[in-house]
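Heads up: the sequence lines are chains U and P, in that order. Our numbering puts the first residue of the first sequence at 1, with every later residue one more than the last. Our numbering puts the first residue of the second sequence at 373, with every later residue one more than the last. Yeah, the Cβ is synthetic: ideal placement off N, Cα and C, and Gly gets one too. Being a predicted model, the structure only gives us computed values, none of them experimental. Reading through the C-alpha cells given below for one structure.
Protein chains: 2
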Amino acid sequence: MATQKVLGILGGGQLAQMMALAAIPLGIKCHIYEPDPLAPARLCAIHHCAPYDDEAALRQFAAAVDVITYEFENVPVDCGTFLRTLKPVAPGIAALRICQDRLLEKTFARDLGFTTAPFVDLVASLTSADAIAAVGLPAILKTRRLGYDGKGQQTVHTIAELDTARACYEGHPLILEGFVTFAHEVSIIAARAADGTTVRFPLIQNTHHHGILRTAVAPAPCSTKGLEQDADRMMQTVMHAFGYIGVLSIECFVVETTQGPTLVINEFAPRVHNSGHWSIEGARTSQFAYHVRAVTGLILPDVTLHGVAAMCNLIGDEPDDSEIPPDVFVHRYHKAPRPRRKVGHLTMVSSTHDNVTHLLQHCAQLLGVKIS
Amino acid sequence: MATQKVLGILGGGQLAQMMALAAIPLGIKCHIYEPDPLAPARLCAIHHCAPYDDEAALRQFAAAVDVITYEFENVPVDCGTFLRTLKPVAPGIAALRICQDRLLEKTFARDLGFTTAPFVDLVASLTSADAIAAVGLPAILKTRRLGYDGKGQQTVHTIAELDTARACYEGHPLILEGFVTFAHEVSIIAARAADGTTVRFPLIQNTHHHGILRTAVAPAPCSTKGLEQDADRMMQTVMHAFGYIGVLSIECFVVETTQGPTLVINEFAPRVHNSGHWSIEGARTSQFAYHVRAVTGLILPDVTLHGVAAMCNLIGDEPDDSEIPPDVFVHRYHKAPRPRRKVGHLTMVSSTHDNVTHLLQHCAQLLGVKIS
Numbered sequence: 001m002a003t004q005k006v007l008g009i010l011g012g013g014q015l016a017q018m019m020a021l022a023a024i025p026l027g028i029k030c031h032i033y034e035p036d037p038l039a040p041a042r043l044c045a046i047h048h049c050a051p052y053d054d055e056a057a058l059r060q061f062a063a064a065v066d067v068i069t070y071e072f073e074n075v076p077v078d079c080g081t082f083l084r085t086l087k088p089v090a091p092g093i094a095a096l097r098i099c100q101d102r103l104l105e106k107t108f109a110r111d112l113g114f115t116t117a118p119f120v121d122l123v124a125s126l127t128s129a130d131a132i133a134a135v136g137l138p139a140i141l142k143t144r145r146l147g148y149d150g151k152g153q154q155t156v157h158t159i160a161e162l163d164t165a166r167a168c169y170e171g172h173p174l175i176l177e178g179f180v181t182f183a184h185e186v187s188i189i190a191a192r193a194a195d196g197t198t199v200r201f202p203l204i205q206n207t208h209h210h211g212i213l214r215t216a217v218a219p220a221p222c223s224t225k226g227l228e229q230d231a232d233r234m235m236q237t238v239m240h241a242f243g244y245i246g247v248l249s250i251e252c253f254v255v256e257t258t259q260g261p262t263l264v265i266n267e268f269a270p271r272v273h274n275s276g277h278w279s280i281e282g283a284r285t286s287q288f289a290y291h292v293r294a295v296t297g298l299i300l301p302d303v304t305l306h307g308v309a310a311m312c313n314l315i316g317d318e319p320d321d322s323e324i325p326p327d328v329f330v331h332r333y334h335k336a337p338r339p340r341r342k343v344g345h346l347t348m349v350s351s352t353h354d355n356v357t358h359l360l361q362h363c364a365q366l367l368g369v370k371i372s
Numbered sequence: 373m374a375t376q377k378v379l380g381i382l383g384g385g386q387l388a389q390m391m392a393l394a395a396i397p398l399g400i401k402c403h404i405y406e407p408d409p410l411a412p413a414r415l416c417a418i419h420h421c422a423p424y425d426d427e428a429a430l431r432q433f434a435a436a437v438d439v440i441t442y443e444f445e446n447v448p449v450d451c452g453t454f455l456r457t458l459k460p461v462a463p464g465i466a467a468l469r470i471c472q473d474r475l476l477e478k479t480f481a482r483d484l485g486f487t488t489a490p491f492v493d494l495v496a497s498l499t500s501a502d503a504i505a506a507v508g509l510p511a512i513l514k515t516r517r518l519g520y521d522g523k524g525q526q527t528v529h530t531i532a533e534l535d536t537a538r539a540c541y542e543g544h545p546l547i548l549e550g551f552v553t554f555a556h557e558v559s560i561i562a563a564r565a566a567d568g569t570t571v572r573f574p575l576i577q578n579t580h581h582h583g584i585l586r587t588a589v590a591p592a593p594c595s596t597k598g599l600e601q602d603a604d605r606m607m608q609t610v611m612h613a614f615g616y617i618g619v620l621s622i623e624c625f626v627v628e629t630t631q632g633p634t635l636v637i638n639e640f641a642p643r644v645h646n647s648g649h650w651s652i653e654g655a656r657t658s659q660f661a662y663h664v665r666a667v668t669g670l671i672l673p674d675v676t677l678h679g680v681a682a683m684c685n686l687i688g689d690e691p692d693d694s695e696i697p698p699d700v701f702v703h704r705y706h707k708a709p710r711p712r713r714k715v716g717h718l719t720m721v722s723s724t725h726d727n728v729t730h731l732l733q734h735c736a737q738l739l740g741v742k743i744s
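Spelled out as C-alpha cells, the structure:
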C-alpha cells in the first residue's frame, strides 16, 4: 500500500486552491492554514482558520500534516520558523525571508552576480537628492515589505515628489529603485526536487496593467536561445543558493543591449506564480503539480507543453459563461468581485502563437481591456 | 458578476470526486449526498452524510444546490423521484430507472432496434430448460438489479447448474443472458446538453479481468469508420429516447459478421464511466468536465484529443510513487485497499498507439497483471 504525504499550505487563496486540486489526484490530502473563513482553497482542503501567530492552532496544523509549504511570500517569518521546529517547511525559511523584503531580495540577486534595477536602501539618513543621484529619475519608491500587485509603491519624478512620498510611507522601511527601460517583461518558473534535480518551463512573456499581471504567453514570443540559457543559469544559481525545494518564479525585464537582449531581475516569488497558470492545460505537468510533487518528495517529470498557451487574468469581476468562447478554459476562484481583485483567469492553448494571440485579443476585447 | 450554479451529486465515490475536481475551476461548488463518512469526494465537496431514504436530509441537500446529478445508477429511484420535486435532476429519472435494471435496459435497447445479447426474463414460472433453449449455453445468470464489476452474476454450462444458481439468488429478480462471441469490447461515451447538442469521444477499447474493467485505450485500435458511425447513431438514438442531459456511456461488444464488425449493446451507464478516465489528461475537455457542463447548462466544447491515451485501473492496492514511470499520470482515490476495489488509475498519453501500448504493458507488468 502506498502511503501518501499530507500537505499543509500556509495561505488559502487561489494558489493554494490550485495546489490542492493538483494534489488530490496524487493521493495527497491538503490542509490550509488561513485566517480568512471564505478562503477559496477551503473548497478542496481542510481549513485551519486562525491567525498566523496562534501557536496552539499552528501546532494543531503541523500535527495534521507531513510537510508544510506556503502559497505566498508574506507569511510571517516567525510563523515559518516556529513551524519548522515541528515539520519540514519547503521552500525553506531563507527563501521566505529574502523574498518578502525587496532590499534583501535585490541585494541577494546582485550578490549572486545578476543585474537588477539600480536601488538604494532609503534609510532615514539618506536625503532624497542623494537617493535620486544613485538611481536616476524617474524612480519608484517601494515599501521593502508586503508589496504585491502594484501595492506599496509610487513613481516619483522629482526630489520634492520623493520627499512627499517618503512622508506618506513614514514608519515603513523603503527602497528606491531606478527605472529599467525594458523591451519585454518575462518570468522564469522552475521546480527543484529534494535531490537537486530541476525542471523549467520556457520563458513566459507577460503584460501588466496598473501593476497587476494581465496576460502571460508561453513560450515567450520574445525569447531567444541566449535568453533561455541565461534563464537556466539564473534559476540554477538562485535555487542552489537557497537550497530550494519547490517551484520558484523570477520576474525579469528583457533589456536590449549592444550584446543582444539580456535579463534584468525584477523580483522573486518563492512559490507558484500567476504567470504560470496556463500550465494547467498547456503543459503535461502544471506548475501546481510540480510544486506539490517537489515538496512532498516525488520525482519531477520532464516539462512537456501541449502547444502555445496564453493566460488572461479576470480582475475585479468575471464574465458570464455564455461570453467565453468554447475553446477557452475558464478558472473561477470562488471569490467575491472587488476592484483590482484577481477573481479568475482564462487559458488558451493552440498550435501557434498566431492562433493564441488571436484568442487572447478576443478575450481581452470581451473583458474590455487593452492588451499590447 | 457571473453566478455559477451549485451542483448536488448523489454518491461520493471517485466519480463524484473527479466531477468535483472538474467543477471547482468552473466556479461550481459541489455538494455530495453519500452515506459513507469516508467517501472520496468529501475532499472536494460539501458532504451530506445520510441514508438515501432520509427525507429531511434530502430536503436539506436539495435546498443547498441548484441542480442534482448522480455518480452511479444504483441510487434508489424513489430518492431521485423525491428530489425531482425539489430541484432538477439530470440525467432524468427515466435513465436511472431503466439503467439500474438489466431487463428494462436490454428491452429498451432492443425496442430501439439495437442488438443485444439474447436474454430472457427468468421469472419463477420459466423452467431452466426453456430459458436455456432461448439463449443457448453457456449462459450468464444475472440479478436484474445492483450488479456491477462482475457482482451479481454467474456463468452456467448446464441446466442443472442454472437450477443451482437460481436457488442461490432466490428472491432476486433475475435474467438469463446468452454468450456473445466478441472480437473486442468497446465503450461509447458522449455528452448531451440541455439544448440537444451532443459531443462524443471516439470509441474506446476495453479489457476486463474477473468482471472488472482493467484497461481502456482511446481511440480504440479496433475501430473503423463504420463502427464510429454506428456508435454515433446508437448514442443519438438512445440519448434522444431518454431526453438525456449529461454524460451517457454504452458498453458494447464488437462482433465480427459477414457484413463486417458490428456493435452489440452490453449495458448502459447513465453517468461518467471508468473507461473514460483517460480523458482527464488525454482530451481537452474531460468526461467529468463535459458532465458538469451539461448538467449545469453550459455549452459543450468540441472533443479534442491530445493524442492516443490509455488507462489502467489500480485494483485492490496502489503502487508506490517510485514505481510509477515519470510519464505516467497517477490518480489515487483516497480509498483504503481492499481486494477487487478500484483504488486509483494510471493514465498514459502519447502520439502513437505503439507508444501507449508500450507504456500500458510496462504498467501492467508493474502491477503484476496480464493484459491482452
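Look at the beta carbons and you see the region 307-315 of chain U not touching the region 643-656 of chain P: under three pairs across the two are nearer than 8 Å. Under a criterion of Cβ atoms nearer than 7 Å, the residues of chain P adjacent to His331/U are, in order, Pro397. When 9 Å is used as the limit between beta carbons, Leu43/U is near these residues of chain P: Ala392, Ile396, Lys401, Cys402, Cys416, Ala417 and Ile418, in chain order. Residues of the same chain with a CB within less than 6 Å of the CB of Val247/U, apart from the 5 flanking positions on each side, are Ala191, Val272, Gln287, Tyr290 and His291 in chain order.
Closest option to Ala590/P, judged by alpha-carbon separation, among Glu549/P, Cys540/P and Arg572/P: Arg572/P. The count of Cβ pairs closer than 8 Å, one atom from the region 6-23 of chain U and one from the region 73-89 of chain U, reaches three, so the stretches are in contact.
With respect to the 9 Å criterion, Glu251/U and Ile265/U are classified as neighbours on the basis of their beta carbons. In this structure, the alpha-carbon of Ala194/U lies about 16 Å from that of Pro698/P. Taking C-beta separations shorter than 7 Å and ignoring five residues to either side along the sequence, the partners of Trp278/U in its chain run Ala216, Ala218, Ala309, Ala310, Met311 and Thr347, following chain order. In the DSSP annotation of this structure, the continuous segment of the beta strand (DSSP E) that includes Ser187/U starts and ends at His184 to Arg192. Under the three-state reduction of DSSP output, Ser350/U falls in the strand class. Spanning the alpha carbons of Thr258/U and Gln365/U requires a straight line of approximately 37 Å.
In the same chain as Pro448/P, and ignoring 5 residues on each side of it, the C-beta atoms closer than 8 Å to its own belong to Tyr424 and Asp425, in chain order.
One Cα belongs to Ala133/U, the other to Pro221/U, and the distance between them is close to 36 Å.
Of the residues assessed, Glu34/U falls on the buried side of the cut-off, its CB having 16 or more other CB atoms within 10 angstroms. Contact fails between the region 232-243 of chain U and the region 43-62 of chain U, because fewer than three Cβ pairs, one in each stretch, are under 8 Å apart. If you draw a 10 Å sphere on the C-beta of Val728/P, you find 16 or more other C-beta atoms in it, and that means buried. By the beta-carbon neighbour count (other beta carbons within 10 angstroms, threshold 16), Lys597/P is exposed.
Contact with chain U is found for Ser694/P, since one of that chain's Cβ atoms lies less than 9 Å from the residue's Cβ. None of the residues of the region 722-733 of chain P has a beta carbon lying less than 9 Å from any beta carbon of chain U. Between His706/P and Leu387/P, the beta carbon gap of about 13 Å keeps them out of contact (Cβ cut-off 8 Å).
The Cβ-Cβ distance between Val156/U and Pro173/U does not fall below 9 Å.
Put simply, the backbone Cα of Thr116/U is about 10 Å away from that of Glu105/U. A straight-line Cα-Cα distance of about 30 Å links Pro409/P and Gly669/P. When beta bridges are read from the DSSP output, Val378/P appears opposite Lys401/P.
The beta carbon of Leu367/U sits no closer than 9 Å to any beta carbon of chain P. Taking the CA atoms as reference points, Thr441/P sits about 13 Å from Phe454/P. Between the C-alpha atoms of Pro412/P and Lys401/P there is a straight-line separation of about 16 Å. Among the residues facing chain P, Arg284/U is included, as its CB has a counterpart in that chain under 9 Å away. CA-to-CA, the gap between Ser500/P and Tyr541/P works out to about 14 Å.
Taking the beta carbon of Asp699/P as reference, the chain U residues within 9 Å of it are Arg284, Pro301, Asp302 and Thr304, listed in sequence order.
Among the residues of chain P, those whose CB is under 8 Å from the CB of His334/U are Ile396, Gly399 and Lys401, following chain order. Selection Arg665/P, Ala467/P and Cys735/P evaluated against Glu695/P yields Cys735/P as nearest (Cα-Cα). Listed in chain order, the non-local C-beta contacts of Glu73/U below 7 Å within the same chain comprise Leu96, Cys99, Gln100, Ala269, Pro270 and Arg271, local neighbours out to five positions each way being set aside. By the rule that beta-carbons nearer than 9 Å mark a contact, Gly226/U does not touch chain P. Of the residues assessed, Asp693/P falls on the buried side of the cut-off, its CB having 16 or more other CB atoms within 10 angstroms.
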